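Okay, so here's the structure we're looking at.
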Amino acid sequence: MNLFRTTLRSLPKRSAYHRTLFSLPSFPSSGEQTYHEQKLFPYRRSELYAIVSDVSSYPQFIPYCTGSRILHKATRDGTTTMDAELTVGFMAFQESYVSKVTCTPFSSVEAFASSSTPMFKSLRTIWRFQPAGEKEQNTLVSLDLAFDFVNPLYASLSSAFFDKVSGGMVTAFEKRCEEVCSRGRV
C-alpha cells in the first residue's frame, strides 16, 4: 500500500534571469593617453635636472602626488637608476605604484612603471633638458607623458581630467623652478 503519492508537475519554462547587486557599467577602453610639452626656462640644465631627479621631493610640488619613497638606488657610469614607489591621490582614490627611474645627468629623467604594477598597463614619463641659445642659463625642457590604466574606472576618470592634470604638472614644475632656482640670485 502506497501512503505517499508524489506528483511531479512541470513548471513553466522561464528564461534564465541573473541580477547582480553591484555592477560597473561597461566603460569604453580609452587606450593610451599622451601629452607633450616644451618650454624655454631661464635656468641652467643642471638646476632643472636637479629638481626633476629629486624624486623624494615630488609630494612637495607635483599635484596629486601624496607620497614618494626610494626603494633602491644605484649609480653606474654617472647614470643613476632607482626604483621609486609613488602614491597618488585624486578625489576619493589613492593608489601606489613602482617606477624604474633613470637619471642621466643634465640630459634626461625617464620613469617607466614596473610591469608588476597593477595600476597601469603602461606609464612613461620622460623629461629632457637641452641647452637653448648661446646663454648657458637658458634650457629647453621637454615633457613626454604616456599612460594607460588597467582599471576602466580610472581610465574613464583620467580621460576627463587628463589635460588639466598634465598641464597642472607643468605649472607646478614652473613654480618649483622659480622657488628653487631663484634662491641666491640677485
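If you number the sequence shown the way UniProt numbering does, the last residue is 186 and the count never jumps. Note that beta-carbon positions come from the ideal geometry of N, C-alpha and C, so glycine has one too. Since this is a predicted model, take the numbers as computed values, not measurements.
Cα-Cα separation, residue i to residue j
{"i": "Ser-96", "j": "Phe-112", "result": "14 angstroms"}
{"i": "Pro-63", "j": "Glu-134", "result": "33 angstroms"}
{"i": "Lys-39", "j": "Ala-92", "result": "32 angstroms"}
{"i": "Tyr-49", "j": "Phe-90", "result": "27 angstroms"}
{"i": "residue 235", "j": "Val-88", "result": "Residue 235 lies beyond the residue range present for the chain, which begins at 1 and ends at 186; the question has no answer from this structure."}
{"i": "Ala-132", "j": "Pro-152", "result": "41 angstroms"}
{"i": "Glu-179", "j": "Phe-173", "result": "10 angstroms"}
{"i": "Thr-34", "j": "Ser-114", "result": "18 angstroms"}
Per DSSP, the bridge partner or partners of residue i
{"i": "Ala-84", "result": "Ile-70, Ser-99"}
{"i": "Ala-146", "result": "Thr-34, Arg-124"}
Beta-carbon proximity of residue i to residue j, cut-off 9 angstroms
{"i": "Val-98", "j": "Glu-110", "result": "no"}
{"i": "Ser-107", "j": "Arg-128", "result": "yes"}
{"i": "Val-141", "j": "Phe-61", "result": "no"}
{"i": "Ser-122", "j": "Asp-148", "result": "yes"}
{"i": "Tyr-43", "j": "Gln-137", "result": "yes"}
{"i": "Thr-81", "j": "Val-55", "result": "no"}
{"i": "Thr-104", "j": "Thr-139", "result": "no"}
Proximity test, Cβ basis, 9 angstroms: residue i and chain D
{"i": "Thr-87", "result": "The structure shown contains no chain D; it is built from a single protein chain."}
For residue i, three-class secondary structure by DSSP
{"i": "Val-110", "result": "Checking the sequence, you will find Glu at residue 110 rather than Val. Glu-110: strand per DSSP, three-state reduction."}
{"i": "Pro-131", "result": "strand"}
Reference residue i, options the options, closest by Cα
{"i": "Val-150", "options": "Met-169, Glu-47, Pro-118", "result": "Pro-118"}
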